[in-house]
Amino acid sequence: MKKEGSSNKTTVSLVLGSGGARGLAHIGVIRWLEEHDYEIKSISGCSIGSLIGGVYAAGKLDQLEEWMVSLHKTDIASLMDFSWTNSGIFKGDKIISTLIGFLEDILIEDLPVTFTAVAADLVTEKEVWINSGSLFDAIRASASLPLFFTPVIHGDALLIDGGVLNPVPIAPTFNDDTDFTVAVNLGGPILHEAPDSEIGVESEEKKGLVKFQDEIKKFIETFNSSDQKQKEKSWSMYEVADRAFDTMQGTIARIKIASYPPDLEIKIARNACGTLEFDRAAEMIKLGYEKAQLAYEVDSGIGK
307 MKKEGSSNKT
317 TVSLVLGSGG
327 ARGLAHIGVI
337 RWLEEHDYEI
347 KSISGCSIGS
357 LIGGVYAAGK
367 LDQLEEWMVS
377 LHKTDIASLM
387 DFSWTNSGIF
397 KGDKIISTLI
407 GFLEDILIED
417 LPVTFTAVAA
427 DLVTEKEVWI
437 NSGSLFDAIR
447 ASASLPLFFT
457 PVIHGDALLI
467 DGGVLNPVPI
477 APTFNDDTDF
487 TVAVNLGGPI
497 LHEAPDSEIG
507 VESEEKKGLV
517 KFQDEIKKFI
527 ETFNSSDQKQ
537 KEKSWSMYEV
547 ADRAFDTMQG
557 TIARIKIASY
567 PPDLEIKIAR
577 NACGTLEFDR
587 AAEMIKLGYE
597 KAQLAYEVDS
607 GIGK
């Protein structure tokens, strides 16, 4: 319900979860909220959720959406800066530098919307809430997906993707003075009819995997023995790691949400698209919008 004495708009604390390219659905959810007179006053996000949420808070979501929708598979491959180290396949610096180049960096404390990026500290094994300093440094730390991106040194902490500990970080919004909390969970139940899932048995279509995904597989598979390859012809090491991380996040998200339920949870199927399929931006944005509309219909007006 809307707070007494507030404006005509229902104020929202928006929680944006982790889940790779599925997180482009966050844009669709935000668009739906804007079009239906909800005012986003606070954002908590991890991984892709911190990126979408942070850019929205900075007032640059239009630019990001335009860029994302224009991306092709070859564009994504060109943004992957191989690190060739033991701590991660990609450094992640190139894509962050690209984002800063056309969005400009900003201090979190200067944002018009309260913003928290959630990362995980490998040393203390605890969540780290970043709510001050460089916006894009915070996003880079929050989105350091294990295996794919190298960890980020932040003071005495060594930070990785916040989804490791809290894929749908609701806790940072507990003290918000808003009417309503909306959480977008990218680890929703699997849709068996989902098209061309990134995880599964090899097929003719999968022979056309994007260049950067092939490179990931080739790099990781150099660590596999020939015997192991014979035993696991249908699953690459990359696919196993990707599926395992999604499964882990889905389980953690269910526990967290059961303990601290938001006013509304919007679920995106965890096989709606592959983790790295950012070339499907338009499709995922549309899906997010549709899921927000469905939630509105089921919940009879979410908070109004």
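Under my numbering, read the sequence shown as residues 307 to 610, first letter to last.
Using N, Cα and C, we set each Cβ at its ideal position, and we do this for glycine too.
Would you kindly report the start and end of the unbroken beta strand (DSSP E) that includes G494?
Unbroken beta strand (DSSP E) run through G494: F486 to G494.
Nearer than 7 Å: is that true of the beta carbon of S319 relative to any heavy atom of the ligand NAD?
This structure does not include the ligand NAD; it has no bound ligands of any sort.
C-beta contact flag for I333 and I591 at 8 Å:
Judged by beta-carbon spacing, I591 lies within the 8 Å limit of I333, meaning their Cβ atoms are closer than that value.
Let me make sure I understand the geometry here. Which of V424, Q369, K315 and E340 has the alpha-carbon closest to that of G355?
For the residues V424, Q369, K315 and E340, the minimum Cα distance to G355 belongs to V424.
Assumed close pair T557, A327 - CB separation to whole angstroms, cut-off 8 Å
Under the criterion of beta carbons closer than 8 Å, T557 and A327 do not qualify as touching, at roughly 21 Å.
Taking the alpha-carbon of A598 as reference, which of V429, L570, E583 and I496 has the nearest alpha-carbon?
Looking only at V429, L570, E583 and I496, the smallest Cα-Cα distance to A598 is reached by L570.
Three or more beta-carbon pairs under 8 Å between the region 451-461 and the region 471-480, yes or no?
Segments in contact, no.
By DSSP, does F551 sit in helix, in strand, or in coil?
It is helical.
Within 10 angstroms of the Cβ of P568, are there 16 or more other Cβ atoms? Answer buried if so, exposed if not.
By the neighbour-count criterion, in which 16 or more other beta carbons inside 10 Å mark a residue as buried, P568 falls on the buried side.
List the whole-angstrom C-beta distance separating S324 from G469, where the pair is believed to meet the contact cut-off of C-beta under 8 Å.
With 8 Å as the limit, S324 and G469 qualify as a contact, their Cβ atoms being about 3 Å apart.
Beta-carbon contacts of V361 that lie in its chain and below 7 Å, excluding the five residues immediately before and after
The beta carbon of V361 sits closer than 7 Å to those of L367, L370 and L409, all from its chain and outside the five residues before and after it, given in chain order.
Suppose you measure from the CA of E589 to the CA of A601; what does that come to, to the nearest Å?
Rounded to the nearest angstrom, the two C-alpha atoms are 18 Å apart.
Closest to Y566 by CA distance: which of V488, G359 and G594 is it?
Distance from the Cα of Y566 is smallest, within the candidate group V488, G359 and G594, for V488.
Straight-line gap, A331 to T404 (C-alpha atoms, nearest Å):
Spanning the two alpha carbons is a distance of roughly 21 Å.
Do L451 and S353 count as a contact pair if the criterion is CB distance below 8 Å?
Contact: yes.
Using DSSP bridges, identify the partner residues of S348.
As computed with DSSP, S348 is found in a beta bridge with S319 and T420.
If we ignore side chains and look at the alpha-carbon of each, how far apart do D467 and D482 end up?
Each residue's Cα considered, the two are about 24 Å apart.
Give me the Cβ distance between I496 and R576, rounded to the nearest whole Å; I'm assuming they're in contact under 8 Å.
With 8 Å as the limit, I496 and R576 qualify as a contact, their Cβ atoms being about 6 Å apart.
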